[in-house]
Amino acid sequence: MEKVNLIATTAFGLEAVCKREIAALGYNILYVSDGRIDFEGPLDAIAYANLCLRSADRVLLKVGEFTAKSFEELFQGVKALPWASLIPIDGKFTVIGKSVKSTLFSVPDCQAITKKAVVENLKQKYNVQWFEESGAEFKIQIALLKDIVTLTIDTTGAGLHKRGYRPTTSKAPIKETLAASLVLLSYWKKSRILLDPFCGSGTIAIEAAMIAKNIAPGYKRKFVSENWHWIDKKVWNNARTEIGRAVNKELTPQIYAYDIDPEAIKLARLCAKKAGVEESISFNTSDISRLSLPGDYGCLITNPPYGQRLGYDKETKSACEHLSRLIPKNSTWSMYIITSDTELQKRLNRKASTKRKLFNGNIKTDYYQFEGPKPPKSIINL
């Protein structure tokens with residue numbers, strides 16, 4: 008298999024970020040649609056995409072695509088695909104599905120027919136009537152959109168947001184993939200200061216430190232496709248060796264993370280240690296009312312408490328009041344805030360340079376970007 012067609016799924020609003028990441032890996036972008044980026048690459052793209060993509064939710068292997076308006080067309084279309092070249096005789100395969108604006112709207116029926124068609128395909132290849140399904144896992148997804156059927160196999164397993172550094176969840180956490188995307192959407196660079204005054208378990212700061220030091224987000228975890236017989240172990244070993252060599256071990260970025268809850272800071276330090284960036288972040292227990300900005304031309308990136316997320320409306324207003332006082336103390340700073348608070352600009356008495364619609368889990372939010380002046384070249388080129 009010289010080339011593979013892959014799909015990186017991502018949260019709505021993060022498609023452009025994910026597309027840039029895939030392009031930076033050197034892969035050919037085929038097209039971009041809501042929540043997905045289709046791309047093409049060599050076989051080892053399965054390894055590099057899973058190991059390196061910061062904003063993607065998972066990486067799917069595209070097996071085939073066709074039109075089906077009847078269950079018979081669905082059955083024959085699925086059966087004709089090259090399942091036997093992908094799934095071994097002992098492979099464990101399940102089928103999940105979704106259908107949007109399609110004639111075949113019953114997802115359970117589509118899943119059952121897909122499973123039956125795959126089994127018939129494998130029976131012809133292996134000349135058996137029953138499969139033990141005790142081997143490697145192959146999760147098949149059938150997705151119907153306006154009668155177009157797309158069949159994929161999940162190469163990731165547990166979602167890509169599960170980096171492996173957060174052993175437990177703190178109150179109202181932000182996903183690692185979204186946290187990384189907030190940093191990538193900002194104008195922060197590793198030479199600039201980054202500050203999060205509401206750090207919680209430290210996810211934004213940790214993701215920023217990993218970006219600065221060029222630590223691949225999937226470096227310390229495993230993926231379901233590592234057990235597939237048709238991907239040589241050397242593919243994964245070589246990829247991990249290469250991205251391990253690319254880590255900037257000498258760099259210590261200026262990243263500051265604060266929270267009023269000492270238990271949150273304790274957890275954040277533990278997470279940073281597991282991520283290998285504990286020396287790159289200064290964690291401190293502090294109320295935002297007592298904070299000062301450390302230096303010039305920094306970036307404040309934060310996920311402050313807001314009503315839908317925590318239910319504390321008073322805390323939301325208080326956070327905004329303190330933010331509105333903090334930034335004017337140093338006009339060189341830029342501020343990036345994700346929140347569901349639609350009154351944020353009014354509360355801060357500032358108009359955002361850019362506002363992006365994003366989702367924090369299933370909560371609709373906006374990412375407000377208040378850009379400060381461009382830093383001098385002496386800072387940019389550090």
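Numbering (my numbering), first residue to last: 8 to 389. Glycine included, each C-beta is placed from N, C-alpha and C at the ideal position.
Note down the Cα distance separating residue i from residue j, rounded to an integer number of angstroms.
{"i": "Val-39", "j": "Arg-27", "result": "11 Å"}
{"i": "Lys-146", "j": "Ala-23", "result": "27 Å"}
{"i": "Ala-52", "j": "Cys-327", "result": "43 Å"}
{"i": "Ile-160", "j": "Ser-299", "result": "50 Å"}
{"i": "Val-126", "j": "His-236", "result": "19 Å"}
{"i": "Ser-331", "j": "Asp-45", "result": "41 Å"}
{"i": "Pro-174", "j": "Gln-136", "result": "43 Å"}
{"i": "Asn-234", "j": "Ala-56", "result": "16 Å"}
{"i": "Tyr-34", "j": "Val-231", "result": "22 Å"}
{"i": "Ile-218", "j": "Ala-150", "result": "33 Å"}
{"i": "Glu-9", "j": "Glu-286", "result": "42 Å"}
{"i": "Val-254", "j": "Ala-246", "result": "13 Å"}
{"i": "Leu-81", "j": "Asp-239", "result": "32 Å"}
{"i": "Thr-248", "j": "Arg-228", "result": "14 Å"}
{"i": "Leu-93", "j": "Lys-153", "result": "27 Å"}
{"i": "Ser-188", "j": "Leu-37", "result": "22 Å"}
{"i": "Gln-148", "j": "Gly-104", "result": "5 Å"}
{"i": "Thr-16", "j": "Arg-170", "result": "16 Å"}
{"i": "Thr-361", "j": "Phe-377", "result": "7 Å"}
{"i": "Pro-382", "j": "Lys-281", "result": "32 Å"}
{"i": "Ala-216", "j": "Leu-191", "result": "12 Å"}
{"i": "Lys-273", "j": "Ile-14", "result": "37 Å"}
{"i": "Phe-138", "j": "Gln-131", "result": "12 Å"}
{"i": "Asp-266", "j": "Gly-207", "result": "6 Å"}
{"i": "Val-284", "j": "Arg-354", "result": "34 Å"}
So residue i packs on residue j, CB below 8 Å; how close in whole Å?
{"i": "Ser-293", "j": "His-329", "result": "Going by Cβ atoms, the distance from Ser-293 to His-329 rounds to 11 Å, so no, they are not a contact pair."}
{"i": "Ala-63", "j": "Thr-157", "result": "The pair is not a contact, with the Cβ atoms about 17 Å apart (cut-off 8 Å)."}
{"i": "Ala-369", "j": "Ile-181", "result": "Sequence check: residue 369 is Asn here, not Ala. Going by Cβ atoms, the distance from Asn-369 to Ile-181 rounds to 13 Å, so no, they are not a contact pair."}
{"i": "Asp-116", "j": "Phe-78", "result": "7 Å"}
Do residue i and residue j have their C-beta atoms closer together than 7 Å?
{"i": "Lys-76", "j": "Thr-110", "result": "yes"}
{"i": "Leu-88", "j": "Val-70", "result": "yes"}
{"i": "Ile-308", "j": "Tyr-343", "result": "yes"}
{"i": "Glu-140", "j": "Lys-99", "result": "yes"}
{"i": "Ala-91", "j": "Leu-129", "result": "yes"}
{"i": "Val-66", "j": "Ala-124", "result": "no"}
{"i": "Gln-118", "j": "Val-107", "result": "no"}
{"i": "Phe-205", "j": "Pro-311", "result": "yes"}
{"i": "Cys-306", "j": "Ser-193", "result": "yes"}
{"i": "Ala-271", "j": "Phe-290", "result": "no"}
{"i": "Tyr-375", "j": "Cys-278", "result": "no"}
{"i": "Leu-68", "j": "Thr-163", "result": "no"}
{"i": "Asp-303", "j": "Thr-323", "result": "no"}
{"i": "Leu-258", "j": "Lys-220", "result": "yes"}
How would you write the range of the alpha helix (DSSP H) that residue i sits in, first residue to last?
{"i": "Leu-21", "result": "It is not in any alpha helix (DSSP H) - Leu-21 carries neither H nor E in the DSSP assignment."}
{"i": "Glu-249", "result": "240-252"}
{"i": "Gln-118", "result": "114-133"}
{"i": "Ile-295", "result": "Looking at the DSSP string, Ile-295 is not in any alpha helix (DSSP H), and its letter there is neither H nor E."}
{"i": "Val-190", "result": "183-192"}
{"i": "Glu-80", "result": "78-86"}
{"i": "Gln-352", "result": "351-355"}
{"i": "Lys-281", "result": "269-282"}
Whose C-beta lies closer than 6 Å to the C-beta of residue i among residues of the same chain, with five residues either side of it excluded?
{"i": "Gly-318", "result": "Note on Gly-318: pLDDT 48, under 50, position unreliable in the model; the coordinate value appears next. Cβ neighbours of Gly-318 beyond the five flanking positions: none."}
{"i": "Ala-223", "result": "Leu-58, Cys-59, Ile-250"}
{"i": "Ala-186", "result": "Thr-210, Ile-211, Glu-214"}
{"i": "Leu-365", "result": "Gly-20, Thr-372, Tyr-374"}
{"i": "Trp-400", "result": "Nothing can be reported for residue 400: it is not among the residues displayed for the chain, which extend from 8 to 389."}
{"i": "Asn-12", "result": "Glu-47, Lys-69"}
{"i": "Arg-61", "result": "Ala-187, Pro-224"}
{"i": "Glu-144", "result": "Lys-99, Val-231"}
Skipping 5 residues on each side, what residues in its chain have a beta carbon closer than 8 Å to that of residue i?
{"i": "Ser-338", "result": "Gly-379, Pro-380"}
{"i": "Pro-301", "result": "Ile-200, Leu-202, Gln-261, Tyr-263"}
{"i": "Tyr-133", "result": "Ala-91, Ile-96"}
If you follow the beta strand (DSSP E) that residue i is in, where does it begin and where does it stop?
{"i": "Arg-43", "result": "43-49"}
{"i": "Asn-367", "result": "361-367"}
{"i": "Ile-203", "result": "The sequence given here places Asp at residue 203; Ile does not occur at that position. Looking at the DSSP string, the run of the beta strand (DSSP E) that includes Asp-203 is 201-203."}
{"i": "Glu-214", "result": "Looking at the DSSP string, Glu-214 is not in any beta strand (DSSP E); the run it does join, the alpha helix (DSSP H), is 210-219."}
{"i": "Cys-306", "result": "306-309"}
{"i": "Arg-65", "result": "65-74"}
{"i": "Thr-346", "result": "341-346"}
{"i": "Asn-255", "result": "No beta strand (DSSP E) holds Asn-255; DSSP gives it neither H nor E."}
{"i": "Lys-99", "result": "99-107"}
{"i": "Tyr-265", "result": "262-266"}
{"i": "Tyr-55", "result": "Premise fails: Tyr-55 lies in the alpha helix (DSSP H), 52-59, not in any beta strand (DSSP E)."}
{"i": "Ala-150", "result": "144-152"}
{"i": "Phe-377", "result": "370-377"}
For residue i, which residues from the same chain have a beta carbon less than 7 Å from its beta carbon, with the 5 sequence-adjacent residues on both sides left out?
{"i": "Val-242", "result": "Leu-50, Asp-51, Ala-54"}
{"i": "Ile-155", "result": "Glu-72, Thr-74"}
Does any residue of chain D bring its CB to less than 7 Å from the CB of residue i?
{"i": "Gln-352", "result": "Looking at the structure shown, chain D is missing, and only one protein chain is on hand."}
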